[in-house]
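Residue numbers for the sequence shown follow my numbering, so the first one is 1 and each next one is one higher. Notes follow once the structure below has been shown.
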Amino acid sequence: MRNIILSRSTASDIESQVNKVLRGLGNPEPPLRLGDVRQLLKLDRRYYTTTDDGYLRETISKLMVAGTQVLQRPGLLLEAVRKFDLRALYLPDRKRILLDKSQPDAKQRWNEAHEMGHSLLPWHADLMLGDHEQTVTPSCHAQIEAEANYAAGQLLFLQNQFLVAANDSSPDLDTVRSLKASFGNTFTTTFWRFVESTHSNLPMIGLIGANPNFPKRGDEEPIRYVIESPAYRRMFESLSVDRLQIDIASYCRRSKGGPLGSTEIVILDRNGGSHVFLFDSFGNTYDCLTLAVYQRPHRRIVGL
């Protein structure tokens, strides 16, 4: 899946909503405490588990008093959780966030911020109720999820605080690790935000997936996410996953964790010009994360 880059007007609307929250919290220093956000927005947080059928049904039954369409038909909520392997839900009529308690704390932090993102965007409220299969097309669903993700990133990374810290540092994986520690978020979410939002004039690609030198796990995609910076999109076409997989496999060590290797790779721009990117990969035990950063135009050496 490739990242969706929001229009400037949509991003600006989301930034404005998040800015109100951060100002209401007194423009806090990182890491952001989500409990403070819940209190300010008067949000309720509850938990469910997809591995305990009885617990999930009990949770749904307690929510039926809300009287909305989805809660009058609890089977819809139960079916959605199972079918789409949902890790979190937002119920706008109750201002309630439901989190899958089986998820690690670090992932719950992102999931909660994502649902807070839905709660902050007024145009999402109607889309959070009813039978989504009947009312929301796949492209619309992808758009609203991208908007909620953007809002979550704006919250967890405290808007300009993250941009200033990132832009004052070199565009590499060491910087991503440092920012992860400073802002208290996962390596993956920090990595995604770094590629998508920092060093605005620098073409970058972020790749998240399996180490190509290990067998795939079941029907897992070899590269689950391709994150392209706005500067990359302006100058280059999207590369195929097969091409990217071959590039990574050419240098990646057979290891689950730590640095996996790096190399320079040539990519053609939209006009056919050649450019050098530095590909650098790191394993966090379950994923291979690759940061590709523009270096320079490629100079061909012609022999006499």
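Don't be surprised by glycine CBs; every beta carbon is placed ideally from N, CA and C.
Following the DSSP letters along the chain, one finds PRO212 in no alpha helix (DSSP H), marked with neither H nor E. Taken through DSSP and simplified to helix, strand or coil, GLU145 comes out as helix. Secondary structure note for ASN111: its alpha helix (DSSP H) is the uninterrupted segment 105 to 120. In the three-state reduction of the DSSP assignment, SER238 falls in the coil class, being assigned neither a helical nor a strand state.
Secondary structure note for ALA125: it is in no alpha helix (DSSP H), with a DSSP letter that is neither H nor E.
When secondary structure is reduced to three states using DSSP, LEU41 falls in the helix class. Per DSSP, SER262 is one residue of the beta strand (DSSP E) stretching across 257 to 268. If you draw a straight line from the Cα of TYR294 to the Cα of CYS288, it comes to about 20 Å.
The three-state reading of DSSP puts LEU25 in coil, since its state is none of H, G, I, E or B. Using a C-beta cut-off of 8 Å, the segment 230 to 239 makes no contact with the segment 249 to 258, since fewer than three inter-stretch Cβ pairs fall below that distance. Per DSSP, THR49 lies in no beta strand (DSSP E) and is assigned neither H nor E. Around THR190, the same chain offers VAL176, LEU179, LYS180 as residues with beta carbons nearer than 6 Å, after the five sequence neighbours per side are excluded. Apart from the 5 residues on each side of it in sequence, CYS140 has no Cβ closer than 7 Å to any other Cβ in its chain.
When LEU98, ASP93, GLU147 are compared, the shortest CA-CA separation from HIS118 is found for GLU147. Counting along the chain, no beta strand (DSSP E) covers LEU179; the unbroken alpha helix (DSSP H) around it starts and ends at 173 to 183. At a Cβ-Cβ threshold of 9 Å, PHE162 and SER200 do not count as neighbours. Per DSSP, the continuous alpha helix (DSSP H) segment holding GLN161 begins and ends at 160 to 167. The C-beta of SER229 has 16 or more other C-beta atoms within 10 Å across all chains shown, which makes the residue buried. Counting the other Cβ atoms within 10 Å of the Cβ of TRP123 gives fewer than 16, which makes it exposed. Per DSSP, SER197 is not a residue of any beta strand (DSSP E); the alpha helix (DSSP H) it occupies stretches across 187 to 197. Looking at the backbone, the Cα of PRO203 and that of ARG2 are separated by about 15 Å. In the three-state reduction of the DSSP assignment, SER170 falls in the coil class. If you draw a straight line from the Cα of GLN17 to the Cα of ILE4, it is about 20 Å long. DSSP lists ILE205 as the beta-bridge partner residues of GLU228.
When the five nearest sequence neighbours on each side are left out, the beta carbons in the same chain lying within less than 7 Å of the beta carbon of HIS298 are those of VAL266, SER274, HIS275, VAL276, in order along the chain.
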